[in-house]
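> The opening residue of the sequence shown carries number 2 in our numbering; numbering runs sequentially from there. Have a look at the structure that comes next, please.
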Amino acid sequence: MKAKNKLTISLLVIYVIIISWIILFKMQFNLESLPYIRSINLIPFAESVIVNGKIYFGEIINNLIVFIPVGLYIGMLEKNKKFDKKVIPIFILTLIFETLQFILHIGATDITDVIMNTLGGIVGIIIINTLYKIFKNNEKVDMVLNILAIICTIAVVGLIATLIIVNI
Numbered sequence: 002m003k004a005k006n007k008l009t010i011s012l013l014v015i016y017v018i019i020i021s022w023i024i025l026f027k028m029q030f031n032l033e034s035l036p037y038i039r040s041i042n043l044i045p046f047a048e049s050v051i052v053n054g055k056i057y058f059g060e061i062i063n064n065l066i067v068f069i070p071v072g073l074y075i076g077m078l079e080k081n082k083k084f085d086k087k088v089i090p091i092f093i094l095t096l097i098f099e100t101l102q103f104i105l106h107i108g109a110t111d112i113t114d115v116i117m118n119t120l121g122g123i124v125g126i127i128i129i130n131t132l133y134k135i136f137k138n139n140e141k142v143d144m145v146l147n148i149l150a151i152i153c154t155i156a157v158v159g160l161i162a163t164l165i166i167v168n169i
């Protein structure tokens, strides 16, 4: 396995750990702070995204944005696979998150989240495929994206460390 693939895999794992903390543990530092919720919504864009009688687009867009990096990483790691083969792991990951929320009573399981998270991953795949076509040098694109991901990862880990220190 190439060193850059190891780096990309490591960054993907770190990112999945971070979004696990955000999605499953609601950015809490102790389990007592978690809401005890068990609900399921199988109707897309229904009750869960309606606030005061209007669709709340903030949560919908956040669900899309948070999975764009997953699509980028998968696209980088699986360059030679067909588009649908790249989408499947993203769909499975988001399905795992939603299922765990239901099983562990720590959030609302919502089909809208599955749709938007998967769509975010698809956007990430489209972005990386477009970058590969524009710049032709996949190695350079991967290097630049990995450097940007390292910078963002360090910033996010620093933010989380700051939140932990403040909450101690």
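Note that beta-carbon positions come from the ideal geometry of N, C-alpha and C, so glycine has one too. Here the structure is a predicted model, which is why all the values come from computation and not from measurement.
#1: Does the stretch 82-92 come close enough to the stretch 110-123 to have 3 or more Cβ pairs within less than 8 Å?
#2: Helix or strand or just coil, what does DSSP make of Ile107?
#3: So, with DSSP's three-state summary, where would you put Ile38?
#4: Does the distance from the C-beta atom of Ile129 to that of Gly76 stay below 7 Å?
#5: Quick one: measure Cβ to Cβ for Pro70 and Gly125, integer angstroms, because I've assumed they're closer than 8 Å.
#6: Which residue marks the beginning of the alpha helix (DSSP H) containing Ile126, and which one marks its end?
#7: Report, in whole angstroms, the separation of the C-beta atoms of Ile107 and Ile38, which I expect to be a contact under 8 Å.
#8: Thinking Ile41 and Phe103 are a contact (beta carbons under 8 Å), I'd like their distance in whole angstroms, please.
#9: State the DSSP-derived secondary structure class of Ile44, mapped to helix, strand or coil.
Taking the definition as stated:
#1: yes
#2: strand
#3: strand
#4: yes
#5: 6 Å
#6: Ile112 to Phe136
#7: 7 Å
#8: 6 Å
#9: coil
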